[in-house]
Amino acid sequence: MDTSVISNTNFTILPRRRGPHVVDIPLESISRLAPFSCLILSIICVIYFLVRFYILEGFLLKMVYGKIYTDMSDKTRRGFVNHHIAGTIKILILIIAAYPFIDVAFVNATFHSPFAGSKIVTQGDVLIVVAQMLIAMYIFELFYRTTISPVSVGHHIGTILIGESAIAISLSLAAEKDATIEFVLCTVWGAFDIISESFPHISIILYRIYPESHRFLKSLFQTAMITTLTGTTAETILVMYLFGSLWNRWTLAFKITTPMLHILFMSCQLWGSYNFYRMYKRQEHLISMNENNKDDVEQQRGQVKLTGVKDASNHLLAVNQDSLYTISREPSREGCRELLGQASRDNSQTRLAVCS
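Using the numbering used here, the first residue of the sequence shown is number 730, and each one after it goes up by one.
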């Protein structure tokens, strides 16, 4: 064995991994685009307006849904448009950001690693842009919708402030030692928000399109409830695992506020799951009512109430719920025969059996 080869070789001893990859992420700036995040946010908000006003409300939704869309009230129409915008944005973010998010948070990249081999764009550049896309979506919803629940208001405002704060503190790394890991944790929150909340947008859109398909809606809302509840549970496990793994790197302020913020997000998502549970139970109730009404109608059709009244011509008047018939009671030697009787109310023909 040639020991000279060993002696002349430079070895780099990597530090032993103490947990997930995020533990070893260095304190560094997120992206060179971070100082321009306000400009990026403004441009994205303008794009959302143009898409909403000139495309969705301008012609696309009318062309696709027809009277379903035009017959909606203003309140329902705004919610319908918002679900299209939010659902599309979340799916788009998922496609764009899945790779850089997983690579930075769980594999071996940093924010300064190149994006898909690019010599210009970094992973941090992409994550900054998609973060502003998500924040702009919540700003748009707060301004556009006519009614929004207090829980949703708290969730949206919290997401906006936390996301922008995470970007802002990354501009002063000397004073904010946990800026980098805070942004990573924000991307985890955002990822679960996108994954678990995309299907509910689709559910509400389908609810507006097929409001009478109760069995379909029952399964739809049940699935939405399960996905949001499962997503919230998985998010809590992962976030608390990462938070605990980074415990020694957090400052006291973030050790206190991070669990509080997660409880806020978790309560909002659980509230959404509860609402889908209520919608699921309502569809179940409507199905039960329709089945009971159907049974009642079939029973009423099977029951014919006849009342015998003799008139001057020695005929018997047979009365049911729908029409009045005159049946002769004169004796007949031919037994039972079928006649066509004319209903005195609606002139419809009904087959009657007359027996001697």
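Built from N, CA and C at the ideal position, the CB exists for glycine as well.
Annotated as proximal: Ser925 and Gln998, with beta-carbon spacing under 8 Å. Here Thr817 carries a helix assignment [DSSP, helix/strand/coil].
Looking at the DSSP output, Pro843 sits in a beta bridge with Thr851. Between the alpha carbons of Gly892 and Ile864 lies a gap of roughly 7 Å. The C-beta separation of Thr957 from Gly919 comes to about 15 Å, leaving the pair out of contact by the 8 Å criterion. Per the coordinates, the alpha-carbon of Ser766 lies some 23 Å from the alpha-carbon of Leu990.
Straight-line spacing of the CA atoms in Pro929 and Ala953 works out to 6 Å. In this structure, the CA atom of Val793 is about 11 Å from the CA atom of Ile938. Assigned with DSSP and collapsed to three states, Ser771 falls in helix. Using a C-beta cut-off of 8 Å, the region 748-757 makes contact with the region 837-854, since at least three inter-stretch Cβ pairs fall below that distance. Taking the C-beta atoms as reference points, Ala826 is found no nearer than 8 Å to Val850.
Within its own chain, the residues whose Cβ lies closer than 7 Å to the Cβ of Ala763, once the five positions on either side in sequence are excluded, are Ile857, Ile896, Ser899 and Leu900, listed in chain order. In this structure, His750 and Phe835 form a Cβ contact; the two beta carbons are roughly 6 Å apart against a cut-off of 8 Å. Cβ-Cβ separation between Phe972 and Gln1012: approximately 38 Å, too far for a contact (criterion under 8 Å).
Residue state for Val780 is assigned as helix, using DSSP reduced to three classes. When the five nearest sequence neighbours on each side are left out, the beta carbons in the same chain lying within less than 8 Å of the beta carbon of Thr799 are those of Lys791, in order along the chain. Taking all protein chains in view, the Cβ of Asn811 is crowded by 16 or more other Cβ atoms within 10 Å, so the residue is classified as buried. DSSP places Phe921 inside the alpha helix (DSSP H), whose first and last residues are Ala908 to Ile938. Contact annotation, Leu975 with Val752: C-beta distance approximately 6 Å; criterion of less than 8 Å satisfied. Each residue's CA atom was taken as its position, placing Met1018 and Ser878 some 29 Å apart. Going by DSSP, Gly960 is part of the alpha helix (DSSP H) stretching over His943 to Ser974. Note that the C-beta distance between Ser927 and Gly816 is below 8 Å. A straight-line Cα-Cα distance of about 7 Å links Leu1015 and His943.
Counting the other Cβ atoms within 10 Å of the Cβ of Asp854 gives 16 or more, which makes it buried. Within the model, the alpha-carbon separation for Phe788 versus Ile966 is close to 44 Å. In the structure shown, the three-state DSSP call for Ile759 is coil. The beta carbon of Cys915 sits closer than 8 Å to those of Ala860, Ile891, Gly892 and Ala895, all from its chain and outside the five residues before and after it, given in chain order. For the 8 Å CB-CB criterion, Asp907 and Phe994 do not form a contact. Comparing C-alpha distances from Pro940 to each of Ile776, Ser802 and Ile797 shows the shortest one belongs to Ile797.
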